[in-house]
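Visitor: Sending over a structure as structure tokens; questions will come in a sec.
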Amino acid sequence: MNIVHGLPRPINEQPTVMTIGAFDGLHRGHQHLIGTVVERARALGCQSAVLTFDPHPDAIIRPERAQPVLTTVEERAEVLAELGVDLLIVVPFTRQLMSLGAREFMGEVCDAVALRELWIGWDFALGRKREGDARRLGEIGQELGYSVHTVERVTLGGETVSSSSIRAALEAGDVAKAASMLGRPFSVRGEVVAGDRRGRTIGFPTANIAVEPGHATPSNGVYVCYATVGGARYGAVTNIGVRPTFDGTKRTVEAYLLDFTDEIYGEVLKLEFLQRLRGEQKFDGISALVAQITRDVAEARTLLTQRDDT
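Numbering (our numbering), first residue to last: 827 to 1136.
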């Protein structure tokens, strides 16, 4: 997959089937749309392209109400490559871009690629004051030489799959529901940084992960995860919270990797959240905490074995 930043003129001259959007999370609804783009491009002998924005438009349009992101642009790129997209265009979202009308923006897109088909979601709109809905984009397409097509919403258990629904699931600690909407486990990644080493002193050394600011995380609690570091994957028990037993105040993400003893400070670790074990608790003392962690690890091993066997 080729990745281009901005809208240079032209990127290439290949006929293009494209979709445009923030695509935060790249959930099942997004995957349905992008999968359609990839299929249409192959059928027509065109390149498939996704145009997305960084930062998320809400961070500029309504910063006071901006939500944590489910995926960074790098994480989106990884998923898009797996979906078979040929070209990813990452456009910086700025106040200047926000002020463009739909015709101006689509003119820039058509200067960058030879757009033949534009596929959009059922509720999509772009441009100043969201003027570029499906009808308006179709009118612009008649002028600029592309057709517009929409896909219907994707539902799961009667609920529309959306980034906001996934955030709500994470806030409730329901990582299983988030995974069902994403089509994969929700994940975070970050550099392993030095902590206070308390876990080591009680027999459960943890990796303290510096999650990128503004990235969503599940609610405080203890989770079964897969942890990937150095190209290898391990089972893990992850605690998110302030560690009230130690009177902590800073929220941390710490993972105890099963059957792993290497030093990994400075390395990037990815956590995939599989299931919530319990909420964060304050224990009467260290011995009670150790006993509970021991139970957590045993339960995690059982769940991971069951998952690997299916």
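All C-beta atoms, glycine included, are put in the ideal place defined by N, C-alpha and C.
Please look up how many angstroms separate the CB atoms of residue 843 and residue 985, rounded, as I've assumed it's under 8 Å.
Guide: Not a contact, Cβ separation roughly 29 Å.
Visitor: Count the other C-beta atoms from every protein chain shown that fall within 10 angstroms of the C-beta of residue 839, then say buried if there are 16 or more, exposed otherwise.
Guide: By the neighbour-count rule (16 or more Cβ atoms within 10 Å), residue 839 is not buried but exposed.
Visitor: Expressed to the nearest angstrom, what Euclidean distance is found between the alpha-carbon atoms of residue 951 and residue 989?
Guide: In a straight line, the C-alpha of residue 951 is about 16 Å away from that of residue 989.
Visitor: Is there at least one Cβ from chain D nearer than 7 Å to residue 921's Cβ?
Guide: Going by chain labels, chain D is absent from the structure shown, which holds only one protein chain.
Visitor: Just to confirm the assignment: which complete alpha helix (DSSP H) runs, minimum length 4, are found wholly within the segment 978 to 1034?
Guide: Listed in chain order, they are 989 to 997, 1001 to 1008 and 1024 to 1027.
Visitor: Between 1056, 874, 1096 and 1077, which has its C-alpha nearest residue 1066's C-alpha?
Guide: Looking at the Cα atoms, 1077 is the closest of the given residues.
Visitor: For residue 931 and residue 953, which I take to be in contact (beta-carbon distance under 8 Å), what is that distance rounded to the nearest angstrom?
Guide: The Cβ separation is near 6 Å, so the contact holds.
Visitor: Going by beta-carbon coordinates alone, are residue 938 and residue 1015 separated by less than 7 Å?
Guide: Not closer than 7 Å, so no.
Visitor: Quick check: the Cα distance between residue 875 and residue 970, rounded to an integer number of angstroms?
Guide: Going by the C-alpha atoms only, they are around 17 Å apart.
Visitor: In terms of alpha-carbon separation, which member of 1051, 917 and 947 lies closest to residue 1133?
Guide: Residue 1051 is the option with its Cα nearest to residue 1133.
Visitor: Could you have a look at residue 1051 and say whether DSSP puts it in helix, strand or coil?
Guide: Of the three classes helix, strand and coil, the one that applies to residue 1051 here is strand, per DSSP.
Visitor: Residue 850 to residue 898, Cα distance in whole Å?
Guide: Their Cα atoms are separated by approximately 8 Å.
Visitor: In terms of residues, what are the limits of the alpha helix (DSSP H) holding residue 1040?
Guide: Premise fails: residue 1040 is in no alpha helix (DSSP H) and is neither H nor E.
Visitor: Between the C-alpha atoms of residue 863 and residue 1098, what's the straight-line distance to the nearest angstrom?
Guide: Computed Cα separation, rounded: 28 Å.
Visitor: Between the Cα of residue 1105 and the Cα atoms of 869, 1047, 924 and 957, which residue gives the shortest distance?
Guide: Per the Cα distances, 1047.
Visitor: Whole angstroms are fine: how far does the CA of residue 878 sit from the CA of residue 828?
Guide: Approximately 14 Å between the Cα atoms of the pair.
Visitor: For residue 902 and residue 869, I'd like the C-alpha separation in whole angstroms.
Guide: Spanning the two alpha carbons is a distance of roughly 24 Å.
Visitor: Can you tell me where the alpha helix (DSSP H) with residue 857 in it begins and where it stops?
Guide: Residues 854 to 870.
Visitor: Report, in whole angstroms, the separation of the C-beta atoms of residue 1093 and residue 1056, which I expect to be a contact under 8 Å.
Guide: 6 Å between Cβ atoms; contact.
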